[in-house]
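All residue numbers for the first sequence refer to my numbering, where the first residue is -16 and numbers rise by one.
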Amino acid sequence: MDKRTCDSQDVEVRKGPWTMEEDLILINYIANHGEGVWNSLARSAGLKRTGKSCRLRWLNYLRPDVRRGNITPEEQLLIMELHAKWGNRWSKIAKHLPGRTDNEIKNFWRTRIQKHIKQAENMNRLSSNISEHNNIQQASTSQTSTNLADSIETYSGNNNNNNNNNNMGTTFHHQGNFPNENIWSMEDLWSIQLLNDANN
DNA sequence: AATAGGGTCAACCGCGTTCTT
DNA sequence: TAAGAACGCGGTTGACCCTAT
């Protein structure tokens, strides 16, 4: 099978960040026709995007039940628990965190947890080296989890302070050198959508 | 004030699986 | 049953932002 022709039909395919217009088209189309059959959806809606891209945009961002904002400490613990159980099965883990997407959890794990695990491991290595020198046996696993828990707690506190940096919450700060390079929120998009519906 | 480096996250890519014909 | 199409997942990338220097 030729993967190149899988999603596109040799028509111009747009890539990169989605514009507000594209978002509106997608929301509007799905509101009227429902989701699924993404390739034909992309074509029918007049979007110069692959079905894959539309699906991803919808699932990770436009769906009304997508929860945005900081991962709570409870969610962090759950993620850690489930990851310990299932490994990198992000979509499986995401199913247990309502409103969270696999992409979000994956990013969270890679950027936050993994970093702290590494730090904890380094500390552990360091402490075990010291232990060897001092002939003191350390319980490494409990130490690691304590360090990790501490790190995560530290992260939670810091993250609140960083809230205004990444514009999470409900507001999306659109980035990139594309037209419509502005700031809009999901509330904006959905209210426009509702207006469209009212006019139809 | 400039900029290098690191963090974050949306989006893309490749591939395995499932569905359809 | 086979082949093609679509879906779904996990890994990776690239652009932007923030902070430290």
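Each residue gets a CB set at the ideal place from its N, CA and C atoms; glycine is no exception.
Every value quoted in this text rests on a predicted model; they were computed, and no experiment measured them.
query	result
Could you tell me the boundaries of the alpha helix (DSSP H) in which A25 lies?	W21 to S27
Using the Cα positions of I76 and W69, report the straight-line distance between them to the nearest angstrom.	8 Å
Distance check for P0 and L80, CA to CA, integer angstroms please.	26 Å
With R50 and R83 assumed to form a contact (beta carbons below 8 Å), what rounded beta-carbon distance in angstroms separates them?	6 Å
Helix, strand or coil, according to DSSP, for T94 in the structure here?	helix
For I54, which residues of its own chain have a beta-carbon under 6 Å away from its beta-carbon, when the five flanking residues on both sides are left out?	F91
Straight-line CA distance for S111 to I100?	16 Å
Would you check if the distance between the CB atom of A25 and the CB atom of S36 is smaller than 9 Å?	yes
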